[in-house]
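Trainee: Structure in structure tokens, see below.
Numbering (full-length UniProt numbering), first residue to last: 1 to 171.
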């Protein structure tokens, strides 16, 4: 029998301090794994390229991994939402856009994406609020999502004008 007490007690792994911080929620899985923000955004760029080329399922897998590794990154949730839209998984897309906006209310792409989903659901007032917020954040419409939001706003305005013009006049 060994009298050395240190040999009978299990030793902690070398990164046990990090493990404890991960469990306590003080660091993200990406930080625990040593993934740099640069590496993660390089992966996000790859996921975006796959999505643009129509390889939606691979893009979803990349963005799901990124959101798991860095759950507080609004951009990763927004891109996962966009990939879900492309896959016509609209409920999951809405959940990701909502998460993205909880993390960063000024995420113009998430506002634009969510507004499109709200319009699909017929929730015009809510969609208009998102469109207006996106246009306030990007008044020059430099982002593609803001350009789409501006187009949707113009379309809604012309539809409202057409409805007003065709409504019977009351005296």
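Even for Gly, the Cβ is constructed at its ideal location relative to N, Cα and C. Nothing here was measured: the structure is a model prediction, and the numbers come from that model.
My guess is that residue 87 and residue 60 are in contact by the Cβ rule of under 8 Å, so how many angstroms apart are they, rounded?
Mentor: The count along the chain shown starts at 1 and reaches residue 87 at position 87. The count along the chain shown starts at 1 and reaches residue 60 at position 60. Correct: roughly 6 Å between the Cβ atoms.
Trainee: Among residues of its own chain, excluding the 5 on either side of residue 1, which ones have a beta-carbon nearer than 8 Å to its beta-carbon?
Mentor: Taking the first residue of the chain shown as position 1, residue 1 is located at position 1. The pLDDT assigned to residue 1 is 43, lower than 50, so where the model puts this residue is not dependable, and the model offers no usable value.
Trainee: May I ask you to verify whether the region 20-28 touches the region 37-53, counting CB pairs closer than 8 Å and requiring at least 3?
Mentor: They do not touch, by the three-pair rule.
Trainee: Jot down the residue ranges of each uninterrupted alpha helix (DSSP H) in the region 105-165, minimum 4 residues, whole runs only, in chain order.
Mentor: Qualifying alpha helix (DSSP H) stretches, in chain order: 108-120 and 124-137.
Trainee: Since residue 83 is in the alpha helix (DSSP H), which residue starts that stretch and which ends it?
Mentor: Counted from its first residue, the chain shown places residue 83 at position 83. Taken as a continuous stretch (DSSP letters only), the alpha helix (DSSP H) holding residue 83 covers 74-86.
Trainee: Determine the direct distance from the alpha carbon of residue 44 to that of residue 130, and round the result to whole angstroms.
Mentor: In the chain shown, the residue the question calls residue 130 occupies position 130. In the chain shown, the residue the question calls residue 44 occupies position 44. Distance between the alpha carbons of residue 130 and residue 44 is about 24 Å.
Trainee: Is it true that the region 65-82 meets the region 96-104, where meeting means three or more beta-carbon pairs spaced less than 8 Å apart?
Mentor: Cβ pair count under 8 Å is three or more, so yes.
Trainee: For residue 36, does the three-state DSSP call read helix, strand or coil?
Mentor: Here residue 36 refers to the residue found at position 36 of the chain shown. Correct three-state label for residue 36: coil.
Trainee: If you run the structure through DSSP and keep just helix, strand and coil, what is residue 17?
Mentor: What you label residue 17 is simply residue 17 of the chain shown in a count that begins at 1. DSSP places residue 17 in helix when its eight states are reduced to three.
Trainee: CA-CA distance, residue 113 and residue 166?
Mentor: Sequence index remark: in the chain shown, residue 113 carries index 113 (1-based). Sequence index remark: in the chain shown, residue 166 carries index 166 (1-based). When rounded, the distance between both Cα atoms is 31 Å.
Trainee: For residue 67, which residues from the same chain have a beta carbon less than 6 Å from its beta carbon, with the 5 sequence-adjacent residues on both sides left out?
Mentor: Taking the chain shown and counting its residues from 1, the one referred to as residue 67 is at position 67. Contacts found: 76, 77 and 80.
Trainee: Confirm, please, whether the CB-CB distance from residue 83 to residue 51 is below 7 Å.
Mentor: Counting from 1 along the chain shown, the entry for residue 51 is found at position 51. Counting from 1 along the chain shown, the entry for residue 83 is found at position 83. Cβ atoms of residue 51 and residue 83: closer than 7 Å.
Trainee: Do residue 69 and residue 115 have their beta-carbon atoms positioned less than 7 Å apart in this structure?
Mentor: Here residue 115 corresponds to residue number 115 of the chain shown, with the count starting at 1. Here residue 69 corresponds to residue number 69 of the chain shown, with the count starting at 1. Against a cut-off of 7 Å, the Cβ pair of residue 69 and residue 115 comes out as no contact.
Trainee: For residue 65, name the three-state secondary structure that DSSP assigns.
Mentor: Residue mapping note: residue 65 aligns to position 65 of the chain shown, counting from 1. Residue state, collapsed to three classes: helix.
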